[in-house]
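Take 1 as the starting number for the sequence shown in the UniProt record's numbering and just add one per residue.
See structure below.
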Amino acid sequence: MKTRLAVIDKNLCKPTKCDHECEKKCPVNKTKRKCIDIEDLASISESLCIGCGICVDVCPFKAIKIINLPNKLNTNYILHRYSLNSFALFKFPDLKIGSVLGLVGENGIGKSTILGILSGEIIPNFGCFDEKKSVLKYFKGTEMQKFLMETNKSFKPQDIKKMFENSTQTIHNIIQDLKINTDLHDVWKIFNLLDIKDRSVSCLSGGELQKLAIAVTCSKNCKIFLFDEPSSFLDIKQRILMANILKNKSKDSYVVVSEHDLTILDYLSDYVCCLYGIPGSYGIASNTYSSKDGINSFLNGYIQSENMKFRKNPLIFENNSYNHLYNLKCHSYEAMEKKIDNFSLKVESGCFYQSEILVIVGENGVGKTQFMKMLTKYKFANYTPIISYKPQHITFDNDKIKVVDLLNTFDKYYDENFVREVIKPLNITNILSRKIKSLSGGDMQILKIIVCLMKDADIYLMDEPSSFLDSERRLIVCKIIKKYIRNNNKTSFIIEHDFLMTMYLADKIIVFSGEPSFNTSASKPLDVQSGMNIFLDNMGVTFRRDENNRPRINKYNSINDLKQKHNKKYFD
C-alpha cells in the first residue's frame, strides 16, 4: 500500500540538457535498485521511493515532485492516472438524477478529468496501466453504474471553439442539423440566438459562441448534460439566464457543471463537490454537500466533516466600512458623453477617494470599457494622476521574451514588500522561465495584473481581472488588489462580472444601464447597498447574505425573493 506519489512534469524534464543528477544522487539507486531510471524522460518507482526529496532538490529544471498523501489516503484510492508519474485523481463525486451537481476547485485539480470520465471520453484505469479493470464492477450498486451505462450524453467542453472548429455554418444551419423545433426550445429565445440566426459561426463573439454552445448542448435529447465553465464570456445577466436554463434541464436528468463563478455555481447547483490537492499532481474529490455548505467549505478552505484543511486562510466577507477613507483626498470628474456611430454613452459626474475601489457593473455592450478608456485621457481639475491600465484583452508588446525578463524591467520586482504582498501569493515561480506567448490564459491574466500593479500609479484601471482565472486564483487576486490599494492609498476602478469578487472588492459601485450598443448611461459612484439595489432591480434578481455574510442569489419566486422585491430591497 503506497502513500506517496512521484510526479514528473514532462514539459520541464529535459534529460538531454542535464547531467542526470536525480538518477546519480538517488540513495536507492546507490544500493543498485532502480528507483529512478532515465530513458527519453525520467521515471520514478513509487514502490521503491523512500521520500528523501534529494531528486527534487537536485533537478535543475524543478521537474520532480514527491508528495506524501493525506492520512487515510493511499494509491489504492486512485480512480484515474494518465500515465506513470503523472496527475492522479482520487475518489469520485456522488451523482443524483433530477439535480445539478457543481464541481468547484482550482485549475489542474481534476474537474475536467471528472467530466471526461462522465462523458465517456476517458475510461478510468484506477492507476493500472498494464491491466484493464472493470469500470462497471467498480461502481456496482451505485448511481454511477446507471450513469455509465447510459450512452446518450451531451457535453459542452471548456474550449467552445472545438465544438465549431472550421465551421462555415450559420446558426440557422446548426438548428436544421439538430432537427429541433425552436418554438419548443426556450433556450434559443432566451439567449436571443434566433435574432442572429443568419450569422456565420465564424463571426460570433466569445459570448455569442458560448450561448450557442450551451443551446446546442441543451437541445439534444439526452438524460445526461455536462457543462465545463458555461459562464465564460457571459455578463452577469446572461450568467443568471444560463443558470436558470441548466436548472430546468435537471428536472428529470443528470446535470454536472464545472464553474469558477461561485455565486452562479451556488445558485444553479443542488449539490457541490469540492476538489482539492496539488494542481497538476493530484486531486481529491470530496463528498457531495448542499450548495451552501459546499461553497462555504471551499471559501473557508476547510471541510469539517472530513477534517480536511486545504487552504491556509479563509475568504471572509466584511460589512463595507468607509473608516479607511477618513481624512483622505477626494477627487472628482465632470459629466461626460461619448458617441460612436449609433452608440451613445452618458456618464454622470462623480467623485472618488484615495484608498477606494470602485467596481463597475453592467451588461456587455453598455460602455464600461469605453468609460475606462475615457478615464485614461480625462483631465482632472487640480489633479494629474498617473494611471495604470489593464485592458480586457490581454496582449504584450513583446511576447517572445521570458516572464522573468519582463518583470526585471520594473523596480518593484526587487521591492521586498511588493514581492511579499503580490508576487509570492500568486505563485508564479513555475512560469518565470517560460516565454510569455507560451502561457495559458490564466497565467497571462495573472502576469498582466502583476504588471499593472508594478507601475507606480495613482489610479489603477482593471477590466475584468477575473477572466480566465479559476475560483482559487480569483480569491487570491481579490485579497491582493484590496490590500494593495488600501495599504498604498491608491484608487482603483474595476470592471467585473463575478458577483463574489464584486462584493468583496467594492467600496463604491458605478451602475451602467440602458440598451446595449445603443443608448446607455453610467451612474455616479454609489454606496454598495444603493448601487447593487439599482443594478439588481434592472436585472430582476434579489440577493441575500447568509450567516457568513456571503451574498447568495435568491431562488426565483422564493419567499425571500418575493419579499425583497415587494420591499424594493433587491440587495439585503
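All C-beta atoms, glycine included, are put in the ideal place defined by N, C-alpha and C.
Spatial distance of F396 from F227 (CA atoms): Locating residue 396 in the sequence shown gives position 396, where the first residue counts as 1. Locating residue 227 in the sequence shown gives position 227, where the first residue counts as 1. C-alpha separation (whole angstroms): 31 Å.
By Cβ distance below 8 Å, which residues in the same chain neighbour S253 in space, the five residues on each side in sequence not counted? On the sequence shown, position 253 is the one that residue 253 refers to. Excluding positions up to five away in sequence, the list reads I97, G98, C222, K223, I224, F225.
Apart from the five residues on each side of it in sequence, which residues of its chain come closer than 6 Å, Cβ to Cβ, to I446? The residue given as residue 446 occupies position 446 in the sequence shown. Setting aside the 5 residues that flank it on each side, I446 is surrounded in the same chain by L426, each with a C-beta closer than 6 Å to its C-beta; the list follows chain order.
Using only CA atoms, which one of F543, I264, K17, I175 lies nearest to N557? Along the sequence shown, one-based indexing puts residue 557 at 557. Closest option to N557, Cα to Cα, is F543.
Under the three-state reduction of DSSP, which class applies to E356: helix, strand or coil? Residue numbering aside, residue 356 sits at position 356 when the sequence shown is read from its first letter. Shown here, E356 sits in a strand according to DSSP, grouped into three states.
By DSSP, does G53 sit in helix, in strand, or in coil? To locate residue 53, count along the sequence shown from 1; it is residue 53. If DSSP states are grouped into helix, strand and coil, G53 belongs with coil.
C13 versus D572 - alpha carbon distance: Here residue 13 refers to the residue found at position 13 of the sequence shown. Here residue 572 refers to the residue found at position 572 of the sequence shown. Linking C13 to D572 through their CA atoms gives a straight-line distance of about 53 Å.
May I have the straight-line CA-CA distance separating S467 from K569, to the nearest angstrom? Numbered from 1 along the sequence shown, position 467 holds the residue referred to as residue 467. Numbered from 1 along the sequence shown, position 569 holds the residue referred to as residue 569. Taking C-alpha positions only, S467 is separated from K569 by approximately 30 Å.
Given a cut-off of 7 Å on the beta-carbon distance, is the pair L315 and L299 in contact? Here the question's residue 315 lines up with position 315 in the sequence shown. Here the question's residue 299 lines up with position 299 in the sequence shown. The Cβ atoms of L315 and L299 sit closer than 7 Å to each other.
Limits of the beta strand (DSSP E) - the one that Y271 falls within: As a first step, residue 271 must be located in the sequence shown, where it is residue number 271. Run containing Y271: 271-278, per the beta strand (DSSP E) assignment.
Under DSSP, the alpha helix (DSSP H) around A457 begins and ends at which residues? The sequence position of residue 457 within the sequence shown is 457, counting from 1. Unbroken run through A457: none, as it is neither H nor E.
What's the gap between the Cα of S281 and the Cα of S86? The sequence position of residue 281 within the sequence shown is 281, counting from 1. The sequence position of residue 86 within the sequence shown is 86, counting from 1. The straight-line gap from Cα to Cα measures roughly 7 Å.
Here's the rule I'm using: 16 or more other beta-carbon atoms within 10 Å means buried, otherwise exposed. How should N554 be labelled? Residue 554 sits at position 554 when you count from the first residue of the sequence shown. A buried status is given to N554, since no fewer than 16 other beta-carbon atoms sit within 10 Å of its beta-carbon.
For R434 and L178, the rounded distance between their alpha carbons: Taking the sequence shown and counting its residues from 1, one reaches residue 178 at position 178. Taking the sequence shown and counting its residues from 1, one reaches residue 434 at position 434. CA-to-CA, the gap between L178 and R434 works out to about 43 Å.
I'd like to know whether the C-beta atoms of I64 and C55 end up nearer to each other than 7 Å. On the sequence shown, residue 64 is found 64 positions in, with the first residue counted as 1. On the sequence shown, residue 55 is found 55 positions in, with the first residue counted as 1. Yes; because the gap between Cβ atoms is below 7 Å, this pair is in contact.
Out of D458, C273, S291, L48, state which residue places its alpha-carbon closest to the alpha-carbon of R33. Position 33 of the sequence shown, counted from the start, is the residue given in the question as residue 33. Checked all of D458, C273, S291, L48; the closest Cα to R33 is L48.
Beta strand (DSSP E) segment containing D177, residue limits: As a first step, residue 177 is located in the sequence shown; it is residue number 177 there, counting from the start. For D177, there is no enclosing beta strand (DSSP E); the enclosing alpha helix (DSSP H) has its first and last residue at 171-178.
If you count every other CB in all the chains shown that lies within 10 Å of the CB of I50, and 16 or more means buried, which is it? Counting from 1 along the sequence shown, the entry for residue 50 is found at position 50. Residue burial annotation: I50 is exposed, with fewer than 16 other C-beta atoms found within 10 angstroms of its C-beta.
Can you check DSSP and say which residues form a bridge with C351? Here residue 351 is taken as the residue at index 351 of the sequence shown, counted from 1. DSSP, once it has assigned bridges, lists S332 as partnering C351.
Quick check on T263: buried or exposed, where buried means 16 or more other Cβ atoms within 10 Å of its Cβ? Residue mapping note: residue 263 aligns to position 263 of the sequence shown, counting from 1. Buried, by the Cβ-count rule.
What is the C-beta distance between L453 and Y460, in whole angstroms, given that I count them as a contact (C-beta under 8 Å)? As a position in the sequence shown, residue 453 is number 453, starting the count at 1. As a position in the sequence shown, residue 460 is number 460, starting the count at 1. Rounded, the Cβ-Cβ distance is 7 Å, consistent with contact.
Nearest-angstrom Cα separation, counted from K312 out to H331: Within the sequence shown, numbered from 1, the residue matching residue 331 stands at position 331. Within the sequence shown, numbered from 1, the residue matching residue 312 stands at position 312. Answer to the nearest angstrom: the Cα atoms are 38 Å apart.
How would you write the range of the alpha helix (DSSP H) that G365 sits in, first residue to last? The residue you call residue 365 lines up with position 365 of the sequence shown. Following the DSSP letters along the chain, one finds G365 in no alpha helix (DSSP H), marked with neither H nor E.
Cβ contact (3+ pairs, closer than 8 Å) linking the region 500-513 and the region 522-530: The region 500-513, when compared against the region 522-530, does touch it at the 8 Å Cβ threshold.
Contact between the region 113-124 and the region 149-158: three or more CB pairs below 8 Å? They touch, by the three-pair rule.
In angstroms, rounded to a whole number, what distance separates the CA positions of L432 and I423? For this step, residue 432 is matched to residue 432 along the sequence shown. For this step, residue 423 is matched to residue 423 along the sequence shown. L432 and I423 have their C-alpha atoms roughly 11 Å apart.
Per DSSP, T491 forms a beta bridge with which residues? For the purposes of this step, residue 491 is taken as residue 491 along the sequence shown, with counting starting at 1. DSSP lists E356, I459 as partners of T491.
When you compare only the Cα positions, how much space is there between I559 and S530? If you number the sequence shown from 1, residue 559 lands on position 559. If you number the sequence shown from 1, residue 530 lands on position 530. Near 22 Å, if we compare the C-alpha coordinates of S530 and I559.
If we ignore side chains and look at the alpha-carbon of each, how far apart do E259 and Y383 end up? If you number the sequence shown from 1, residue 259 lands on position 259. If you number the sequence shown from 1, residue 383 lands on position 383. Cα-Cα distance, rounded: 42 Å.
Can you grab the Cα-Cα spacing for the pair M503 / C59, in whole Å? As a working mapping, residue 503 is identified with position 503 in the sequence shown. As a working mapping, residue 59 is identified with position 59 in the sequence shown. Between the alpha carbons of M503 and C59 lies a gap of roughly 43 Å.
Assign S433 to one of three DSSP states: helix, strand, or coil. Position 433 of the sequence shown, counted from the start, is the residue given in the question as residue 433. Coil.
Would you tell me roughly how many angstroms separate the C-alpha atoms of F535 and V347, rounded to the nearest one? The residue you call residue 535 lines up with position 535 of the sequence shown. The residue you call residue 347 lines up with position 347 of the sequence shown. Answer to the nearest angstrom: the Cα atoms are 16 Å apart.
For the region 481-495 against the region 354-365, do three or more pairs of beta-carbon atoms, one drawn from each stretch, fall closer than 8 Å, so that the two count as touching? Yes: the two stretches touch, three or more of their Cβ pairs being nearer than 8 Å.
Alpha carbon of T142 to alpha carbon of N76, nearest angstrom: Sequence index remark: in the sequence shown, residue 142 carries index 142 (1-based). Sequence index remark: in the sequence shown, residue 76 carries index 76 (1-based). C-alpha separation (whole angstroms): 19 Å.
Of the residues F317, Q304, D37, I196, the one placed nearest L475, counting alpha carbons only: Taking the first residue of the sequence shown as position 1, residue 475 is located at position 475. Closest by C-alpha distance to L475, out of F317, Q304, D37, I196, is F317.
Proximity winner among I36, E21, T31, K25, relative to A6 (alpha-carbon distances): On the sequence shown, position 6 is the one that residue 6 refers to. With distances taken between Cα atoms, A6 lies closest to I36.
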